[in-house]
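Residue numbers (the working numbering), protein chains in the order written: chain G, 13 to 451; chain H, 93 to 274.
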């Protein structure tokens with residue numbers, strides 16, 4: 013049997029199994045075991061246990077539960093509410109100030125938690141009712157928060173970048189830095205669109221009759237500042253090359269938990285358990301998918317499928333930008349159905365040789381891939397964030413939320429186009445701070 | 093509505109209690125990993141000592157937490173799946189598909205349980221050591237694989253029994269299309 017036929021069988025089997033609703037981790041593992049036995053006989057099973065173990069036995073992976081714990085500690089505290097209030101009190105008199113403070117809060121909370129659904133839930137819970145109360149249309153209020161929440165995986169620290177970094181052996185510190193400017197740019201696009209659409213619909217944000225005093229304006233800042241300091245310190249330590257991502261994140265997680273306890277008095281066992289349980293649940297889910305994906309990757313390479321596919325694409329001699337377009341299309345379609353962690357782990361080892369052969373920068377591509385994953389988070393049919401918004405504002409029909417997100421999806425496409433035209437937007441910051449990549 | 097069946101209910105309750113205990117153990121391992129990292133950072137950067145066991149220990153804690161925490165995460169329906177097809181299917185087809193997916197997962201976990209048990213025994217029998225400075229006895233961390241997967245298999249058996257006796261809805265999707273809470 014030729015590798016092409018084998019590849020087709022593996023592809024179809026994987027898709028069928030994943031779409032049947034099997035947990036992604038076990039589905040990938042099951043396909044791998046069946047294919048290994050089918051193509052190599054029982055001998056193929058010899059290294060399965062060892063591969064499954066070695067897929068996880070990696071110190072860099074420790075950074076995942078650590079970053080998740082940082083996010084869980086901040087996410088389960090009322091820090092999101094305080095952040096939102098602080099921004100609103102400073103910006104409430106600006107025209108469209110509420111939209112700006114909402115999206116700004118999303119961007120900052122993204123940096124704090126690194127999780128898209130957490131970001132959406134934390135800011136949306138305050139932001140959406142407030143926007144609707146002040147007369148913003150429902151689709152703009154829900155759509156902007158839905159989109160703003162996705163910034164969580166683009167603005168560092170981001171679990172998505174860690175997974176991509178591990179799967180492709182790209183520097184995680186460099187990826188984090190590469191996400192900063194595109195993240196701010198995308199936030200800017202979101203804000204501009206929101207201001208434009210509310211202006212076009214004739215909505216004029218009228219200054220409320222009340223004024224916040226300076227005292228009120230400064231009140232929330234001391235509660236938020238320590239968390240921001242921790243994140244900045246973690247980033248600094250990472251880029252200074254002082255410590256590895258796992259060490260920086262581990263200490264950061266400890267500090268975040270301590271801060272949550274000190275500032276928000278989260279003393280009770282239930283609150284501690286909630287942080288630990290959320291951390292464990294999220295980390296175990298991601299790490300199991302990693303183990304399954306490593307086994308899947310092992311199966312693909314041992315059957316020479318990865319190499320054959322990369323070679324086949326290289327032989328087609330298509331224009332590199334056509335290739336990039338097709339890859340984006342592929343990722344986008346995957347993102348509509350499959351959770352980001354699984355897509356990154358399954359596809360990046362296959363895509364990376366193709367990307368580098370076509371002369372693209374892997375760090376830059378990491379950013380492009382992440383924006384694609386962001387689209388998947390707010391695009392039906394899966395669109396996790398849409399359902400989170402729906403649980404926050406159940407009286408807004410899901411279709412309104414979906415229509416509200418479409419312009420923001422277009423903003424993301426625009427960001428991808430801009431990044432293709434000016435790759436420096438992503439690579440400038442890491443290259444400046446960490447020196448150019450060595451190829 | 094499911095009929096009462098004391099032995100089955102007892103079995104399911106026992107398995108759930110085991111999974112919950114395993115979940116607490118896994119969560120504590122993650123907490124322990126955080127503390128060990130802090131210790132490592134203090135020793136290495138604060139006191140300028142070389143660290144020997146910490147990197148290995150932290151990694152083993154996290155890997156062990158992954159396997160041992162897995163049954164609890166399954167109970168919470170925390171292992172993500174693509175549920176687009178189940179959402180659109182009618183109740184009968186959804187039920188059939190749920191039975192299929194649980195059997196596939198169970199079969200995979202069972203095979204992996206058997207393979208990892210063999211692997212663990214080889215490590216124990218051959219007294220394998222890690223090739224790091226610590227020279228850790230590998231059968232100890234390896235034991236988390238058969239242990240976690242064994243509990244996961246039990247939890248899957250319980251899920252399967254609950255599914256076929258109508259105790260839990262297929263894919264956790266209630267008849268009205270809403271997601272049930274685990």
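From the three backbone atoms N, C-alpha and C, an ideal C-beta is built for every residue, glycine too.
key: Residue-chain proximity (residue 174(H), chain G), Cβ-Cβ < 8 Å   = Flagged as an interface residue toward chain G: residue 174(H), by a C-beta distance shorter than 8 Å.
query = Which residues, taken in chain order from the region 144-159 of chain H, show a beta carbon closer than 7 Å to some beta carbon of chain G?
reply = Within the region 144-159 of chain H, the qualifying residues are 147, 150, 151, 154, 155, 157, 158.
inquiry  = Could you tell me the alpha carbon to alpha carbon distance between residue 422(G) and residue 116(G), rounded to whole angstroms?
reply    = Roughly 19 Å separates the two Cα atoms.
request  = Check the Cβ of residue 257(H) against every Cβ in chain G and list those closer than 7 Å, keeping chain order.
outcome  = Under the 7 Å cutoff, chain G gives no residues; its nearest Cβ is about 20 Å from residue 257(H).
request  = Taking all protein chains shown into account, decide if residue 311(G) is buried (16 or more other Cβ within 10 angstroms of its Cβ) or exposed.
outcome  = The residue in question, residue 311(G), is buried, as its Cβ has 16 or more Cβ neighbours within 10 Å.
ask   = For residue 273(H), which three-state DSSP category applies?
value = Note that residue 273(H) scores 48 on pLDDT, short of 50, meaning its location in the model is unreliable and no value can be drawn from it.
inquiry  = Which residues of the region 323-356 of chain G have a Cβ closer than 7 Å to any Cβ of chain H? Give them in chain order.
reply    = For chain H, the residues of the region 323-356 of chain G that bring a beta carbon within less than 7 Å of one of its beta carbons are 349, 350, 351, in chain order.
query = What residues from chain G crowd round residue 111(H), counting only those whose CB sits closer than 9 Å?
reply = The contacting residues do not exist; residue 111(H) stays about 12 Å from chain G at best.
task = At 8 Å on the CB atoms, spell out the chain G contacts of residue 211(H), in chain order.
result = Per Cβ cutoff of 8 Å: 61, 62, 65.
task = Could you tell me if residue 86(G) is buried or exposed, where buried requires 16 or more neighbouring beta carbons within 10 angstroms of its beta carbon?
result = The residue in question, residue 86(G), is buried, as its Cβ has 16 or more Cβ neighbours within 10 Å.
task = With a cut-off of 8 Å on the beta carbons, I'd call residue 180(G) and residue 352(G) a contact; round off their distance for me.
result = Contact doesn't hold; Cβ gap of about 15 Å is too wide.
ask   = Exposed or buried, residue 282(G), counting other C-beta atoms within 10 Å across all chains shown (16 or more means buried)?
value = Burial is judged here by how many other beta carbons sit within 10 angstroms of a residue's own beta carbon; residue 282(G) has fewer than 16 and is exposed.
inquiry  = Please confirm whether residue 242(H) has its beta-carbon closer than 8 Å to some beta-carbon of chain G.
reply    = Contacts with chain G at 8 Å (Cβ-Cβ) do not include residue 242(H).
task = Could you give the DSSP three-state label for residue 402(G): helix, strand or coil?
result = In the displayed model, residue 402(G) falls within a helix according to three-state DSSP.
query = For a contact meaning CB atoms closer than 7 Å, what does residue 193(H) contact in chain G?
reply = Result: 32, 33, 34.
query = Counting contacts by CB-CB distance shorter than 8 Å, is residue 103(H) in contact with chain G?
reply = Contact of residue 103(H) with chain G is not assigned, every C-beta pair being separated by 8 Å or more.
request  = Could you give the DSSP three-state label for residue 261(H): helix, strand or coil?
outcome  = Residue state, collapsed to three classes: coil.
task = Could you name the residues of chain G that residue 167(H) contacts, counting a contact when the two beta carbons are closer than 8 Å?
result = Within chain G, no C-beta atom comes nearer than 8 Å to that of residue 167(H); the closest sits roughly 10 Å away.
request  = Quick one: which residues of the region 215-232 of chain H get their C-beta closer than 7 Å to a C-beta of chain G? List them in chain order.
outcome  = The region 215-232 of chain H vs chain G, Cβ under 7 Å: nothing.
key: residue 328(G), enclosing alpha helix (DSSP H) - first and last residue   = Neither: residue 328(G) is in no alpha helix (DSSP H) and is coded neither H nor E.
Distance CB(residue 123(G))-CB(residue 168(G)) smaller than 8 Å = In contact: residue 123(G) and residue 168(G) (Cβ atoms closer than 8 Å).
task = Answer yes or no: does any C-beta atom of chain G fall closer than 8 Å to that of residue 130(H)?
result = Nearest CB-CB separation between residue 130(H) and chain G: below the 8 Å threshold.
ask   = By a C-beta neighbour count over all protein chains shown, 10 Å radius and 16 as the cutoff for buried, is residue 384(G) buried or exposed?
value = Buried, since its Cβ has 16 or more Cβ neighbours within 10 Å.
request  = Using alpha carbons as the reference points, say which of 111(G), 80(G), 92(G) lies closest to residue 202(G).
outcome  = The shortest CA-to-CA distance from residue 202(G) to any of 111(G), 80(G), 92(G) is the one to 111(G).
task = Since I believe residue 343(G) is in contact with residue 381(G) (beta carbons under 8 Å), could you give me their beta-carbon distance rounded to a whole number of angstroms?
result = The pair is a contact, with the Cβ atoms about 6 Å apart (cut-off 8 Å).
Candidates 256(G), 314(G), 308(G), 315(G): closest to residue 360(G) by CA position = For residue 360(G), the closest alpha carbon among the candidates 256(G), 314(G), 308(G), 315(G) is that of 308(G).
request  = For residue 245(H), name the three-state secondary structure that DSSP assigns.
outcome  = Looking at residue 245(H) - three-state DSSP - the assignment turns out to be helix.
request  = Take residue 115(H) as the anchor and find which of 441(G), 21(G), 293(G) has the nearest alpha-carbon.
outcome  = Closest option to residue 115(H), Cα to Cα, is 293(G).
ask   = How would you list, in chain order, the residues of chain G whose beta-carbon sits under 7 Å from the beta-carbon of residue 263(H)?
value = Neighbours of residue 263(H) on chain G, chain order: 33.
request  = Give the straight-line distance between the Cα atoms of residue 182(H) and residue 416(G), rounded to the nearest whole angstrom.
outcome  = Taking the Cα positions, residue 182(H) is about 29 Å away from residue 416(G).
task = Under 7 Å Cβ to Cβ from residue 439(G), same chain only, skipping five residues before and after it: list those, please.
result = Around residue 439(G): 190, 373, 375, 376.
request  = Using a Cβ-Cβ cut-off of 8 Å, state whether residue 260(H) counts as contacting chain G.
outcome  = It does not: the Cβ of residue 260(H) has no partner Cβ on chain G nearer than 8 Å.
task = Kindly say whether residue 208(H), judged by its beta-carbon, lies nearer than 8 Å to any beta-carbon of chain G.
result = Yes, residue 208(H) lies at the interface with chain G (some Cβ there is under 8 Å from its Cβ).
query = Mind checking residue 213(H): buried by the 16 CB within 10 Å criterion, or exposed?
reply = Counting the other Cβ atoms within 10 Å of the Cβ of residue 213(H) gives fewer than 16, which makes it exposed.
ask   = Relative to the alpha-carbon of residue 413(G), which residue among 426(G), 425(G), 396(G), 225(G) has its alpha-carbon at the smallest distance?
value = When each option's Cα is compared against that of residue 413(G), the closest is 396(G).
query = If you compare alpha carbons, which of 231(G), 61(G), 276(G), 39(G) is closest to residue 171(H)?
reply = It is 39(G) whose Cα lies nearest to the Cα of residue 171(H).
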